[in-house]
Amino acid sequence: MGGVFSRGPEQANAPEQANAPEQANAPEQANAPEQANAPEQANAPEQANAPEQANAPQQTPPRRVRRPPPTKEEFAKAEQEKEQKAKEEQEKEQKAKEEKNITAEKEREKKQKAANKIINDVTVLDRAIISVNRNETVRLLNDGANPNLKSPGTEYTSLLIAFNKFTTLTIEKKDITDIIIIINNLLEKGADPNVGEYSKSSDGDNYRISPFAIACLSLISLYEVNNENKYISGIVEVMRSLIKKGADIEILKTDSIKHFLMKILKSDNKYEPLLNEILKKMNGTPKLPEQSEWHLPKLPEHSEWHLPKGGKRRKTSKNKSNKKKKRKSVKTR
Numbered sequence: 001m002g003g004v005f006s007r008g009p010e011q012a013n014a015p016e017q018a019n020a021p022e023q024a025n026a027p028e029q030a031n032a033p034e035q036a037n038a039p040e041q042a043n044a045p046e047q048a049n050a051p052e053q054a055n056a057p058q059q060t061p062p063r064r065v066r067r068p069p070p071t072k073e074e075f076a077k078a079e080q081e082k083e084q085k086a087k088e089e090q091e092k093e094q095k096a097k098e099e100k101n102i103t104a105e106k107e108r109e110k111k112q113k114a115a116n117k118i119i120n121d122v123t124v125l126d127r128a129i130i131s132v133n134r135n136e137t138v139r140l141l142n143d144g145a146n147p148n149l150k151s152p153g154t155e156y157t158s159l160l161i162a163f164n165k166f167t168t169l170t171i172e173k174k175d176i177t178d179i180i181i182i183i184n185n186l187l188e189k190g191a192d193p194n195v196g197e198y199s200k201s202s203d204g205d206n207y208r209i210s211p212f213a214i215a216c217l218s219l220i221s222l223y224e225v226n227n228e229n230k231y232i233s234g235i236v237e238v239m240r241s242l243i244k245k246g247a248d249i250e251i252l253k254t255d256s257i258k259h260f261l262m263k264i265l266k267s268d269n270k271y272e273p274l275l276n277e278i279l280k281k282m283n284g285t286p287k288l289p290e291q292s293e294w295h296l297p298k299l300p301e302h303s304e305w306h307l308p309k310g311g312k313r314r315k316t317s318k319n320k321s322n323k324k325k326k327r328k329s330v331k332t333r
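This is the structure:
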């Protein structure tokens, strides 16, 4: 038995041999966990801090300190600054508005100058007047055209000469209405009622060939052709407007013209307003004499007074007797 369980030299070394590879691998095994834990060690700080961050208490923001209410001085200063700022903004807006208005006014003046240059061209207004274009003439006058700016020989008196043509059928009734409106508008806008040159009549009297003179001659010629001419009333109206605007009546110094005109105006009551205007212009307004020219009756002096002597007799009727009636006395017994 002892031989069976006895160890040989090889068996005696068996445990050592069995442990040899383990011993050989010992350093590697010792280093193995270190190598395995290398990445873990690299992440160790993060892992170590992770639970700390999770468990760390959250920091609350600092509590807002409430601002104390402003003092009276601060409040007054803030209000003053606010008012100053509002005032500056208002001034700025006002300045911008004024600049805008100035610019608009300059543009308007520029356009008006350009329009006036066109309007005051002598051919523009004359063309409208001569062609009896009522609407165009009124528009030009309202826009500021000068009614006295005329080219030579084209005064509005040419319209009055046209009255002589109204006896023909080529002139419509509308034309006379347009002429009356044009002349009245020209006079209202300041047209000279006494334009024209002087001329000498057959009687030797000098008179101006004014609009009133032309109208007067046209009226006489129309009346001689037909005293019931429907255009006579129109020319009478124009003559009345001319007198109201200060037209002279020098042509009536000629006796023949004055005679015919008075005959026409006295023929119908509807011409009475013009007749009154002419008579008023011819005779003028009656003037009262000055105080020094008054003639008062002269009273006699005191020594020249003659006072009546005694009283007046009383008149009595002839049928009555002034004698007293005698009464019979009744004798009493």
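Take the sequence shown: its position 218, counting from 1, is numbered 218 in full-length UniProt numbering, and each next residue is one higher.
For glycine and all other residues, C-beta sits at the position ideal for the given N, C-alpha and C.
| query | result |
| --- | --- |
| Which residues does DSSP list as the beta-bridge partners of Y198? | R208 |
| According to DSSP, is T103 helix, strand or coil? | helix |
| Does the beta-carbon of P62 have 16 or more other beta-carbons within 10 angstroms, so that it is buried, or is it exposed? | exposed |
| Taking the straight line between their C-alpha atoms, what separation do you get for K258 and N184? | 24 Å |
| Answer yes if the region 269-277 comes into contact with the region 214-225, meaning at least three C-beta pairs across the two stretches below 8 Å, and no otherwise. | no |
| Using 10 angstroms around the beta-carbon of S241, count the other beta-carbons present and answer buried if the total reaches 16, otherwise exposed. | buried |
| Would you tell me roughly how many angstroms separate the C-alpha atoms of A215 and G190, rounded to the nearest one? | 19 Å |
| With DSSP collapsed to three states, give me the class of K92. | helix |
| Using the Cα positions of S131 and P147, report the straight-line distance between them to the nearest angstrom. | 16 Å |
| Quick check: the Cα distance between S267 and I251, rounded to an integer number of angstroms? | 21 Å |
| Using three-state DSSP, classify N146 as helix, strand or coil. | coil |
| To the nearest angstrom, report how far apart V138 and T177 are at their CA atoms. | 14 Å |
| Could you tell me if S199 is buried or exposed, where buried requires 16 or more neighbouring beta carbons within 10 angstroms of its beta carbon? | exposed |
| Contact check, V236 vs P211 under 8 Å by CB: the rounded distance? | So it is not a contact: roughly 14 Å between Cβ atoms. |
| Just the C-alpha distance for E89 and K82, rounded to the nearest angstrom, thanks. | 11 Å |
| Taking only three categories from DSSP, how would you classify V220? | At residue 220 the sequence reads Ile, which differs from the Val that was named. In this structure, I220 counts as helix in the three-state DSSP scheme. |
| Hey, L140 and V124: beta-carbon distance below 8 Å or not? | yes |
| Is it right to say G144 is buried, meaning 16 or more other beta carbons lie within 10 angstroms of its own, or is it exposed? | exposed |
| So, using beta-carbon positions, are V238 and I182 closer together than 8 Å? | no |
| If you reduce the DSSP assignment to three classes, tell me which class K189 lands in. | coil |
| Report the rounded CA-to-CA distance for R64 versus E74, giving the unit in angstroms. | 22 Å |
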